[in-house]
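Report on one structure; see the data block that follows.
Numbering (the UniProt record's numbering), first residue to last: 1 to 248.
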């Protein structure tokens with residue numbers, strides 16, 4: 001099933017959630033129903049809606065036949081991802097929508113509260129892991145709006161420190177779950193996060209993040225704002241090592 005067909009289903013069947021048609025084709029991993037509910041909990045003012053999120057029944061109805069269900073763990077039910085049939089410019093637009101949404105969550109006033117309960121807010125871990133990938137893909141077509149939003153976020157050193165700290169904590173938690181016996185681990189379904197804990201901490205700078213996600217133009221912009229290219233993280237590593245480790 002192509003992303004275009006998925007888009008049509010959501011446009012026809014999901015109340016007030018046409019944004020979903022912009023998100024699904026660009027997702028790097030299949031999103032659970034709860035993650036998609038979280039991602040779609042926006043109102044017209046682009047604020048996270050605190051009440052009346054998109055109902056899971058609407059999402060299931062919209063997915064009509066496309067939903068992959070884990071019988072042992074219904075919370076793991078996922079909407080598949082398939083970008084086949086999208087043109088390069090169309091896919092770049094999808095990445096743009098996802099990049100802006102991820103940055104919104106990272107910059108939101110409830111970020112720290114949500115980060116303490118990632119299983120209840122599963123789109124936040126996704127945002128923490130993939131925001132930079134979406135920014136990079138969106139900007140391959142010269143999307144200056146996305147670059148500007150990313151730059152504004154990265155210039156907020158406190159937000160960057162918070163994200164580095166919470167990413168390390170989430171990676172630690174996921175590593176602990178991986179060591180649990182199967183029965184105990186099943187109590188944590190849907191918690192998906194693969195960033196390595198040894199590379200993220202509160203000393204990771206905006207330049208480190210740009211190096212990790214291969215965002216050279218943002219590095220140039222940040223350096224003009226006196227962000228140092230030679231800053232070291234908590235383990236004494238410069239941004240270049242982050243780029244090398246992640247294959248940038």
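From the three backbone atoms N, C-alpha and C, an ideal C-beta is built for every residue, glycine too.
Since we're looking at a predicted model, the values are computed, not measured.
By the criterion of a C-beta distance shorter than 7 angstroms, residue 131 is surrounded in its chain by 99, 102, 103, 106, once the five residues flanking it on both sides are discounted.
Straight-line spacing of the CA atoms in residue 143 and residue 218 works out to 12 angstroms. The beta carbon of residue 95 sits closer than 7 angstroms to the beta carbons of 26, 134, 137, 138 from its chain, once the five residues preceding and following it are set aside; these are given in chain order. Relative to the Cα of residue 39, the nearest Cα in the group 171, 234, 114, 212 belongs to 114. With respect to residue 170, residue 118 sits close: the two C-beta atoms are nearer than 7 angstroms. 7 angstroms or more divides the Cβ of residue 174 from the Cβ of residue 206.
In the three-state scheme derived from DSSP, where H, G and I count as helix and E and B as strand, residue 27 is classed as coil.
Taking C-beta separations shorter than 7 angstroms and ignoring five residues to either side along the sequence, the partners of residue 153 in its chain run 103, 106, 107, 159, following chain order. Here residue 234 has 201, 203 as same chain residues with Cβ atoms under 6 angstroms from its own Cβ, once five neighbours each way along the sequence are excluded.
Judged by DSSP in its simplified three-state form, residue 142 adopts coil rather than helix or strand. The C-alpha of residue 157 is placed about 20 angstroms away from the C-alpha of residue 145. Residue environment for residue 179: exposed (fewer than 16 other C-beta atoms within 10 angstroms of its C-beta).
Only buried fits residue 242, as 16 or more other CB atoms lie within 10 angstroms of its CB.
In the same chain as residue 230, and ignoring 5 residues on each side of it, the C-beta atoms closer than 7 angstroms to its own belong to 238, in chain order. DSSP places residue 162 inside the alpha helix (DSSP H), whose first and last residues are 157 to 178. Between the beta-carbon of residue 92 and that of residue 141 there is about 4 angstroms, and that keeps the pair under the 8 angstroms contact cut. Per the C-alpha coordinates, the member of 36, 194, 28 positioned closest to residue 168 is 194. Excluding sequence positions up to five before and after residue 163, its CB lies within less than 7 angstroms of the CB of 106, 128, all in the same chain and listed in chain order. Going by C-alpha positions, residue 37 is about 22 angstroms away from residue 166. Burial of residue 209 is indicated by the presence of at least 16 other C-beta atoms within 10 angstroms of its C-beta. Ranked by Cα distance from residue 222, the options 151, 28, 97 are led by 151. Assignment of residue 239 by DSSP, reduced to helix, strand and coil, places it in the helix class. DSSP places residue 221 inside the alpha helix (DSSP H), whose first and last residues are 216 to 224. In the DSSP annotation of this structure, the continuous segment of the alpha helix (DSSP H) that includes residue 111 starts and ends at 111 to 115. Secondary structure note for residue 234: it is in no alpha helix (DSSP H), with a DSSP letter that is neither H nor E. The residue among 177, 240, 28 with its C-alpha nearest the C-alpha of residue 123 is 28.
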